[in-house]
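Accompanying notes for the structure given below.
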Amino acid sequence: MKTYSLHIIRHGLTEGNLQGLYIGHTDMPLCREGKEQLRQMKKEYEYPESSFVFSSPLKRCLETADILYHGVNPIVIDGLIEYNFGSFDGKDAAELHEKHPLFDSWLAGKEGVAPPFGETNEDFTKRVCLSFIKIVDAVLKTGTDNAVIVTHGGVMTAILANFGLPEAAAHEWLTPAGCGYTMRITPSLWSAGKKLEVIREIPLAEESAGNYYDGWDYYPQDDENFDVSEYLYDTNEEEENE
28 MKTYSLHIIR HGLTEGNLQG LYIGHTDMPL CREGKEQLRQ MKKEYEYPES
78 SFVFSSPLKR CLETADILYH GVNPIVIDGL IEYNFGSFDG KDAAELHEKH
128 PLFDSWLAGK EGVAPPFGET NEDFTKRVCL SFIKIVDAVL KTGTDNAVIV
178 THGGVMTAIL ANFGLPEAAA HEWLTPAGCG YTMRITPSLW SAGKKLEVIR
228 EIPLAEESAG NYYDGWDYYP QDDENFDVSE YLYDTNEEEE NE
């Protein structure tokens, strides 16, 4: 049976990432370091080739798509936009913990809790998942066997936690900026259970099919003190290891 490849990539670094801020709908572009890092990664490592790129409408994703897939006109999907943090946008976790009573409940995933003027976790997940289903269905309907999605960290974790095999919690799918995963779509598996296989990390080192970009160690997921909030949804605060 024919299968299809869909590659999902997180955008490059922004000033918000470097400062450890929650950046959602704020249309923040890539910072200078982010652009330079993406160009260097593209030079040193292997990104999947494709003539079809879907992207969030925000600058940081469109700029990432242009660097990694220059000359390909991206298909903008509004549903791929990052979480709407409302009043939390542009602030770091320490400030939110101190000044916003709802922050801790929201961070703990309490049902129905949303940042002021933002969206709940349930609404975010529903929006992202419906948009992703439409993308996969369009890929299958048109016979597009190789496509790319450039989006945000929170969007990626929601997609992979809901549709990816092997099954894993959202925080286990966190990736550094400019990195992502290749997913294999088998029509029968998608039709039966809306599931797809995650088969490799992006980017691949050119010299060896098994040698992946060493930036994966950036996230200390085995550290018992690891705080997902520092990395989820485009935050990038460094963890202090004592």
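For the sequence shown, counting from 1, position 50 maps to 77 in the numbering used here; every step adds exactly one.
Note that CB positions come from ideal geometry on N, CA and C, so glycine has one too.
Separation of LEU85 and LEU65 (C-alpha to C-alpha, rounded to the nearest whole angstrom) is 17 Å. By the criterion of a C-beta distance shorter than 6 Å, GLY106 is surrounded in its chain by ARG154 and SER158, once the five residues flanking it on both sides are discounted. The beta-carbon distance between GLY51 and TYR110, rounded to whole angstroms, is 5 Å. This is short enough to meet the 8 Å contact definition. Rounded to whole angstroms, GLY113 and ALA135 show a C-alpha spacing of 17 Å.
Of ALA219, VAL175, THR202 and LEU129, the smallest CA-CA separation from TYR74 is found for VAL175.
Under the DSSP assignment, ASN173 falls in the beta strand (DSSP E) whose first and last residues are 173-178. Out of GLY205, GLY61 and ILE186, the CA that lies nearest to the CA of GLU199 is found in ILE186. Taking a cut-off of 8 Å for Cβ pairs, the stretch 53-71 and the stretch 210-224 do not touch, as fewer than three such pairs fall below it. Look at MET210 here: in three-state DSSP terms it is strand.
Judged by DSSP secondary structure, ILE162 falls within the alpha helix (DSSP H) whose first and last residues are 148-169.
When the five nearest sequence neighbours on each side are left out, the beta carbons in the same chain lying within less than 8 Å of the beta carbon of THR41 are those of ILE50, MET55, PRO56, LEU57, CYS58, GLY61, ARG87 and ASP261, in order along the chain.
Counting along the chain, GLU228 sits inside no alpha helix (DSSP H); it lies in the beta strand (DSSP E) bounded by residues 223-229.
The C-beta distance from THR169 to SER83 rounds to 21 Å, too long to fall under 8 Å, and the pair is not in contact. A straight-line Cα-Cα distance of about 23 Å links ILE102 and ASN189.
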